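Everything on this sheet refers to the single structure shown next.
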């Protein structure tokens, strides 16, 4: 039984990887079940055993990535806010989140690019906004009457920075995490 579960996981991963490879080269509209199956080297019937449609596949990929980001963000929220800015040792959960982005760059780059998934970008932006608001409330910072606009600005900047860094592939998780914390600190005047 365990063998079949592992085999199913491997097959699903092959299909997801094939889809994301094609998505990195084409627009969403040009990806077909046939193309995904050919690239993953699976039969169409195998695809439909795992996924209802190509749309369902994309949504499952997006939701899985978003849930992983939320889990890692929750770990960051367990750390006292001021420690994240003042103690490098306290930043390990941030580094782990950055490591997740870097390790899964083949998924994040196509989804976050200009022609990427609007659903995914909107959802990840919401997660990052909540993350920033945690800092604002945790440090009792008054951003004035334009608080929501400032938070949106910072979230968009963080996501663009993460996208740029993982696309460029020239920073490690520590450099990226420290860069983001430094920028948040500057903008929030910490």
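In the working numbering, the protein residues as written are 68 to 257. Note that beta-carbon positions come from the ideal geometry of N, C-alpha and C, so glycine has one too. Please read these numbers as outputs of a predicted model, since none were measured by experiment.
Asked, Found
"Looking at C-alpha atoms only, which residue of 234, 118, 69 and 213 is the closest neighbour of residue 81?", "118"
"Hey, quick one: how far does the alpha helix (DSSP H) through residue 213 stretch, first residue to last?", "Here residue 213 belongs to no alpha helix (DSSP H), and DSSP marks it neither H nor E."
"Can you tell me which of 87, 113, 101 and 134 puts its alpha carbon nearest to the alpha carbon of residue 193?", "134"
"Who are the Cβ neighbours of residue 196 in its own chain at under 7 Å, not counting the five residues just before and after it?", "218, 219 and 222"
"Just to check my reading of the structure: residue 176 and residue 226 have Cβ atoms closer than 8 Å, yes? What is that Cβ distance to the nearest angstrom?", "Going by Cβ atoms, the distance from residue 176 to residue 226 rounds to 12 Å, so no, they are not a contact pair."
"Alpha carbons only, please: which of 153, 89, 95 and 75 is nearest the one belonging to residue 115?", "75"
"Just to confirm my understanding: we take residue 110, look at its own chain, exclude 5 residues before and 5 after, and list those with CB closer than 7 Å. What are they?", "104"
"Count the other C-beta atoms from every protein chain shown that fall within 10 angstroms of the C-beta of residue 155, then say buried if there are 16 or more, exposed otherwise.", "exposed"
"Which of the three DSSP states, helix, strand or coil, is assigned to residue 238?", "coil"
"Quick one, which of 169, 228, 87 and 249 has its alpha-carbon nearest residue 129's?", "87"
"With a threshold of 8 Å on Cβ separation, who are the neighbours of residue 167 within its own chain once the five nearest residues in sequence on each side are excluded?", "135, 136 and 139"
"Using only the alpha-carbon positions, how far apart do residue 249 and residue 98 sit?", "40 Å"
"Figure out for me which residue from 107, 163 and 101 has the closest Cα to the Cα of residue 120.", "101"
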